[in-house]
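Accompanying notes for the structure given below.
In our numbering, the protein residues as written are 29 to 194.
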């Protein structure tokens with residue numbers, strides 16, 4: 029069934045992206061030299077991300093919850109009876125992580141940019157930086173919720189049960 033394949037593929041991509049992003053954030057490498065060509069505010073934003081004290085713990089948590097999503101996608105592909113339950117739990121864990129990451133990043137941005145001038149030379153304000161972080165989190169959360177909603181549909185449940193009977 030094409031819906032199962034597409035849903036499983038979406039979950040796989042979300043899981044792999046989370047694991048890779050978590051692995052990248054877990055490494056404590058300084059910013060590369062070639063980033064010096066960026067606008068000062070963008071460079072400050074990247075430095076703020078790199079200096080976030082919650083970066084490593086949140087990265088480790090991201091690897092774990094993204095791996096749960098990835099395992100759920102495999103369970104769906106293999107038609108395991110617990111696939112729907114597993115995916116609901118994994119997506120719930122990922123949504124909790126998204127909220128926690130957004131909160132820690134917004135808090136850190138407010139500490140790093142306490143007195144950002146109304147519009148900076150690049151035209152961005154602290155509120156715009158925070159809005160970008162929140163918007164990215166909303167998009168990620170929406171993709172995860174859409175995948176979880178699709179997995180909970182009766183046609184996918186029937187697809188899983190069809191395999192279990194034989």
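All C-beta atoms, glycine included, are put in the ideal place defined by N, C-alpha and C. Predicted model, so just to flag it, every value in this text is computed and none were measured.
Query raised in the report: Skipping 5 residues on each side, what residues in its chain have a beta carbon closer than 6 Å to that of residue 187?
Result: 29 and 32
Query raised in the report: For the alpha helix (DSSP H) that residue 156 lies in, which residues bound it at each end?
Result: 154–179
**Report entry** Close beta carbons around residue 125, own chain, < 7 Å, minus the five adjacent residues each side
**Finding:** 89, 90 and 93
Requested in this report: Using alpha carbons as the reference points, say which of 99, 113, 134 and 127 lies closest to residue 177.
Outcome: 113
Report task. Report yes if the C-beta distance between residue 171 and residue 154 is below 9 Å; otherwise report no. Result -> no
Query - Inter-residue spacing [alpha-carbon to alpha-carbon] between residue 130 and residue 39 - result: 21 Å
Requested in this report: Would you tell me roughly how many angstroms separate the C-alpha atoms of residue 47 and residue 142, rounded to the nearest one?
Outcome: 32 Å
**Report entry** Span of the alpha helix (DSSP H) around residue 68
**Finding:** 68–79
Query raised in the report: If you draw a straight line from the alpha carbon of residue 71 to that of residue 97, how long is it in whole angstroms?
Result: 32 Å
Requested in this report: Classify residue 57 as helix, strand or coil using the three-state DSSP reduction.
Outcome: coil
Requested in this report: Tell me where the alpha helix (DSSP H) around residue 142 begins and ends.
Outcome: First-last for residue 142: undefined, no H or E at that position.
Query raised in the report: Where do the N-terminal and C-terminal ends of the alpha helix (DSSP H) with residue 103 fall, by residue?
Result: 83–105
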